[in-house]
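*Asks:* The opening residue of the sequence shown carries number 1 in full-length UniProt numbering; numbering runs sequentially from there. Glycine included, every Cβ here is placed at the ideal spot set by N, Cα and C. Input: one structure, supplied below.
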Amino acid sequence: MMFFYQTKNKKSSPFSPETILDNTMSDSKLGSYVKTKFLGSGAYSNVYEAVDGKGNIVAIKTCPIISCDGIPGTSLREIALLKEMDHPHILKVLDVILTEDSINLVFEYFEFDMKRFLLNYQVDVLPLIYQLFLAIEYIHNKNIIHRDLKPQNILISRTGRLKVADFGLARSIDIEMPRYSPDVVTLWYRSPELLKCCTKYNKYIDMWSVGCILVEMITGIVMFCGRTTEEQINIIMESHRRGIRLCVLQKCGSIPEFLSDIICGCLDINVNSRYTATHCLDILSKHLNNE
C-alpha cells in the first residue's frame, strides 16, 4: 500500500523572522569547521551549514554563553541525552566545540525538515511514519521525553531517511523531579494536559504531538491551529465533542482505517488510553506485512 502526501498548501519557511538572532557569517571558522550558510534559529540557538576538514557537510548548532549564567542548561542536557542514544533515526552529534562565548554542537547534515521534504518530493508517507515511530519508541524506551516534537524537528534526507532532532527540551524521567514545566512543545503540537498547565506528565505528551504531525505529514494542514492557549484548548475540545475520528477524516480525506486508528489513538484526550509508539508500530507492521 502506498499513501502519498497531499500537496495542497503553499511552501512556507519553518523559521520565523522574529526568531532569527544573527545570520552573519563573520565568525565562519570554528575549529576544523567552516560555516558556509545560516540555516535558521530556535529559542536558544542559531543553526549553520558547515564543512569539516574532509569536505563533509555538517550542521552546527551554536548556543551563546552568557557570562553570568555559564553554559546553557538546555545545551548540557541535550549533550548528555544524545550521548546516551545511538539509533539510526536519531540525529547523531559528531562533535562539541566550546569557545569563550558559545557552545557548538556539530551534527550530521540533513537537507530537509519534514515540511520542506514533502513540498519538494512526491513520496509514500508510510515508510516515513514507520521510521518516526521507530525513533519515538527508542526514545521512550530510554525513559526520555522529547517535549518538542514538531515538523521542524523531523529531518529527512533526499533518499527518504528520517531522523528526530533537537533534544534541547528533552528530559530523562529516570531523574525524579517534583514537577515539570508545562511550557514545552510548540502550541499546535501541545497535548491537552500541557495546555491545562499539568506539571506531572509523561511520554504521552510526545504521542499527542506525533498524532498532530501525522495529519500534517499526510495533508500539509495543521490539525489544531489555535492562536492562543485558550483557543487551542477550545479547538481540541470541540473536535472531540464532534468526534475526533470524523475530524481526522475531514482533514485527511480517504485514508486507510488502520492509519486513522493510529492518529485517533495518539490524539486520545485520555492519557491512560493514548497509544504508545510500540502499539502504533505493531499496527503498522501488521498492515505493511500484509500488503
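Pop quiz: residue 145 and residue 104 are said to be a contact at Cβ under 8 Å. What is the actual Cβ separation, rounded to whole angstroms?
*Replies:* Residue 145 to residue 104, Cβ: 25 Å. No contact.
*Asks:* Roughly how many angstroms lie between the CA atoms of residue 244 and residue 141, to the nearest whole one?
*Replies:* Computed Cα separation, rounded: 28 Å.
*Asks:* Pick helix, strand or coil for residue 18, following the three-state DSSP scheme.
*Replies:* With a pLDDT of only 35 at residue 18, under the threshold of 50, the placement of this residue in the model should not be trusted; the figure read from the coordinates follows. In this structure, residue 18 counts as helix in the three-state DSSP scheme.
*Asks:* Using a Cβ distance threshold of 8 Å, determine whether the stretch 222-238 contacts the stretch 283-290, with at least three qualifying pairs required.
*Replies:* In short, these stretches do not touch, since the Cβ pair count stays below three.
*Asks:* Assess, as a yes-or-no matter, whether the stretch 148-158 is touched by the stretch 104-115 under the definition of 3 or more beta carbon pairs within less than 8 Å.
*Replies:* Judged by Cβ distances under 8 Å, the stretch 104-115 makes contact with the stretch 148-158, as three or more pairs qualify.
*Asks:* Using the three-state DSSP reduction, which class does residue 192 fall into: helix, strand or coil?
*Replies:* Residue 192: helix per DSSP, three-state reduction.
*Asks:* Quick check on the DSSP output: the alpha helix (DSSP H) that includes residue 40 runs from which residue to which?
*Replies:* No alpha helix (DSSP H) contains residue 40, which is instead part of the beta strand (DSSP E) from 33-41.
*Asks:* Can you give me the C-alpha to C-alpha distance between residue 23 and residue 59, rounded to a whole angstrom?
*Replies:* Its pLDDT being 48, under 50, residue 23 is placed unreliably by the model, and the measurement read from it follows with that caveat. Straight-line Cα distance between these residues: approximately 14 Å.
*Asks:* With a Cβ-Cβ cutoff of 7 Å, do residue 147 and residue 185 count as a contact?
*Replies:* In contact: residue 147 and residue 185 (Cβ atoms closer than 7 Å).
*Asks:* Find the nearest neighbour of residue 165 within the set 94, 249, 149, 159, judged by alpha-carbon distance.
*Replies:* Comparing Cα positions, the closest option is 149.
*Asks:* By how many angstroms is the C-alpha of residue 98 removed from the C-alpha of residue 69?
*Replies:* Distance between the alpha carbons of residue 69 and residue 98: 15 Å.
*Asks:* Relative to the C-alpha of residue 247, which candidate in 276, 233, 215 has its C-alpha closest?
*Replies:* Checked all of 276, 233, 215; the closest Cα to residue 247 is 215.
*Asks:* Give every residue of the same chain whose Cβ lies closer than 6 Å to the Cβ of residue 75, excluding the five residues on either side of it in the sequence, and list them in chain order.
*Replies:* Counting only Cβ-Cβ distances below 6 Å, and skipping sequence neighbours, we find 63, 103.
*Asks:* May I have the straight-line CA-CA distance separating residue 128 from residue 195, to the nearest angstrom?
*Replies:* For residue 128 and residue 195, the distance between alpha carbons rounds to 28 Å.
*Asks:* Quick check: the stretch 252-259 against the stretch 267-279, are at least 3 beta-carbon pairs closer than 8 Å?
*Replies:* Output reads no: the stretch 252-259 does not touch the stretch 267-279.
*Asks:* In angstroms with no decimal places, state the Cα-to-Cα distance between residue 281 and residue 133.
*Replies:* If I take the Cα positions, the gap works out to 6 Å.
*Asks:* Taking Cβ to Cβ, would you say residue 47 is nearer than 7 Å to residue 40?
*Replies:* Yes.
*Asks:* Taking residue 54 as the reference, give the member of 31, 38, 233, 44 with the closest Cα.
*Replies:* Closest by alpha carbon: 31.
*Asks:* In chain order, which continuous runs of the beta strand (DSSP E) of length 3 or greater are located wholly inside the stretch 69-156?
*Replies:* The qualifying runs are 93-98, 102-108, 154-156.
*Asks:* Between residue 85 and residue 250, what straight-line distance do the alpha-carbon atoms span, to the nearest angstrom?
*Replies:* Computed Cα separation, rounded: 38 Å.
*Asks:* Indicate whether residue 264 and residue 210 have their beta-carbon atoms separated by less than 7 Å.
*Replies:* No.
*Asks:* At the level of alpha carbons, what is the spacing between residue 87 and residue 253?
*Replies:* C-alpha separation (whole angstroms): 33 Å.
*Asks:* Quick check: what's the CA-CA separation for residue 136 versus residue 29?
*Replies:* Straight-line Cα distance between these residues: approximately 35 Å.
*Asks:* To the nearest angstrom, how far is it from the Cα of residue 91 to the Cα of residue 61?
*Replies:* So the two alpha carbons sit approximately 12 Å from each other.
*Asks:* Over the uninterrupted beta strand (DSSP E) stretch that includes residue 58, give me the two end residues.
*Replies:* Taken as a continuous stretch (DSSP letters only), the beta strand (DSSP E) holding residue 58 covers 57-64.
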